[in-house]
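Here the structure comes first, spelled out in structure tokens, and everything after it is commentary.
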Amino acid sequence: MRKIAIYGKGGIGKSTTTSNLSAAFSALGYSVLQIGCDPKADSTKNLTDGKRISSVLDAIREKGENNITAEDVLFRSPSGVWCVEAGGPTPGIGCAGRGIITALEKLEELGAYDICKPDIILYDVLGDVVCGGFAMPIRDGYAKNIFIVTSGEMMSLYAASNIASAVRNFGKRGYASYSGVILNSRNVPDEVEIVQKALDEIGGDIVSVIPRDSAVQEAENQGKTVIEALPHSEMASCYRKLASRIIELTEDE
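In terms of our numbering, the sequence shown opens at residue 555 and continues consecutively.
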């Protein structure tokens with residue numbers, strides 16, 4: 555089983571990247587489980603025809619922590635990807651990080667991993683802060699490899715630096731390892747060079763450059779990934795190549 559976490563600053567396109575990767579892995583014949591670790595609970599919507607699925611925390615609020623089943627929180631997308639959303643607390647009440655801890659622990663308790671039997675687990679994690687529940691995929695053995703989605707914009711690279719630093723700190727204890735960055739282009743002038751210069755300090759390599767392309771928005775308007783909506787497009791090919799590259803870089807446990 556490959557256990558992979560995709561981190562990045564909010565709004566950088568990590569959920570789009572992750573969901574397209576999930577669809578690409580599924581098309582390659584892998585059983586995939588995508589877990590959205592973001593209070594917005596929108597990581598998997600492009601896999602589920604644009605519809606939001608019930609999150610783990612929503613199910614707990616509605617039915618009570620001891621009354622939910624795996625079927626309440628585990629959904630299969632049309633492309634065959636298993637989907638889970640951790641969700642978040644009621645706005646203004648509670649801690650989003652604590653919510654992710656609760657959700658991941660509940661998935662284990664419900665036997666979700668045994669039901670899915672995934673070859674690949676993808677955790678889509680908000681990376682503006684790397685503390686509490688947001689750090690769980692790094693520190694508690696949930697993920698083995700960490701990839702960071704960034705652009706050439708300053709705040710995105712600042713977040714990438716913080717995430718890489720956190721991974722290295724936890725890596726000293728034998729936890730997840732930093733495996734490189736995915737450049738999600740924003741058409742910043744000299745963007746590849748800017749990111750490469752930042753990586754000279756941060757460490758790591760550019761695993762893939764994803765071009766800015768209207769095909770992504772076109773697919774999202776249909777509530778789908780590019781892999782499903784436009785399978786013969788250049789963007790679909792780009793995500794398939796990224797999926798193959800990640801297979802090469804990650805360990806099957």
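Note that beta-carbon positions come from the ideal geometry of N, C-alpha and C, so glycine has one too.
Three or more Cβ pairs closer than 8 angstroms define a contact, and the stretch 568-581 meets that threshold against the stretch 784-798. Scanning its chain for C-beta atoms nearer than 7 angstroms, with the 5 sequence neighbours on each side dropped, one finds around C637 the residues Q588, T598, L601, T602, I607, F629 and S631, in chain order.
Cβ-Cβ distances below 6 angstroms link S633 to A577, S580 and E782 in the same chain, with the five nearest sequence neighbours on each side left out; the list follows chain order. Judged by DSSP secondary structure, D678 falls outside any alpha helix (DSSP H) and instead within the beta strand (DSSP E) spanning I674 to L680. Scanning its chain for C-beta atoms nearer than 8 angstroms, with the 5 sequence neighbours on each side dropped, one finds around A697 the residues K557, I558, A559, I675, Y677, P691 and A730, in chain order.
Listed as beta-bridge partners of F724 by DSSP are no residues whatsoever.
Counting the other Cβ atoms within 10 Å of the Cβ of T656 gives 16 or more, which makes it buried. The Cβ neighbour count for N738, taken over all protein chains shown within 10 Å, is at least 16; the residue is labelled buried. Here I736 is near F701, since their CB atoms are less than 7 angstroms apart. In this structure, the alpha-carbon of S768 lies about 20 angstroms from that of V746. From the listed residues C591, L582 and T623, the smallest Cα separation to D682 is found for C591. Residues of the same chain with a CB within less than 8 angstroms of the CB of I614, apart from the 5 flanking positions on each side, are I622, T656 and K660 in chain order.
Beta-bridge annotation (DSSP): G590 is paired with E639 and D678. Partner residues in a beta bridge of G618, as assigned by DSSP, do not exist. Taking a C-beta distance under 7 angstroms as the contact criterion, I756 and A718 qualify as a contact pair. Taking I748 as the centre and dropping the five residues before and after it, the same chain places the C-beta of G706 closer than 6 angstroms to its C-beta, in chain order. In this structure, A689 is the residue among A689, V586 and L711 with its C-alpha nearest to the C-alpha of R722. Under DSSP, V703 takes part in a beta bridge, and its partners are G562 and I736. Secondary structure at V761: strand, using DSSP grouped into helix, strand and coil. Residues of the same chain with a CB within less than 7 angstroms of the CB of V635, apart from the 5 flanking positions on each side, are S576, A577, S580, V586, Q588 and L601 in chain order.
In this structure, A624 and G562 do not form a Cβ contact; the two beta carbons are roughly 28 angstroms apart against a cut-off of 8 angstroms. A direct Cα-Cα distance of roughly 41 angstroms separates P743 from V610.
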